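Quick note: the sequence shown uses our numbering, first residue 96, plus one each step.
Idealized CB from N, CA, C, for every residue including glycine.
Just so it is clear, the structure is predicted and the values come from calculations on it, not from any experiment.
Reading through the structure tokens given below for one structure.
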Amino acid sequence: MKIVLCCAGGFSTTMLMESMKGVIKKSAKLKEDDFKFAAIPVDILESEVEDCDVVVVGPQIAHKLDYIKSIIDPHEIPYVVVDKETYGKMDGATVLKKVLIERKKADMKKNK
96 MKIVLCCAGG FSTTMLMESM KGVIKKSAKL KEDDFKFAAI PVDILESEVE DCDVVVVGPQ
156 IAHKLDYIKS IIDPHEIPYV VVDKETYGKM DGATVLKKVL IERKKADMKK NK
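Okay, structure coming up:
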């Protein structure tokens, strides 16, 4: 699963990405090899949608959601907008859970 994390510059999402990787590493059910991550500035999202399974949007760029959706919707890529509190805590477990739920919902929608 390729997860692309977007923020203004890609720096704070790198910290969140590391937190998510730590959750996967400690998990008995999830395997590190099943996940690929990219932490990027939103401005280069178009170049990262190839093989992307879920986009994670930092709260500081939530106002750019229309722009983000214009890029990911044609590819039917689900997204998660992280709330400020979860983002501030760099709570990788909560974000990863939301990512997995959105991917599952998208898969179920495709299989209808």
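- Around the Cβ of P169, a 10 Å sphere holds fewer than 16 other Cβ atoms; the residue is exposed.
- For V150, the enclosing beta strand (DSSP E) stretches over residues V149 to V152.
- Judged by DSSP secondary structure, I135 falls within the beta strand (DSSP E) whose first and last residues are K131 to P136.
- Bounds of the alpha helix (DSSP H) holding V194 are G187 to K205.
- If you check the CB distance, E141 and I163 do not come in under 8 Å.
- At the C-beta level, V118 and G187 come within 8 Å of one another.
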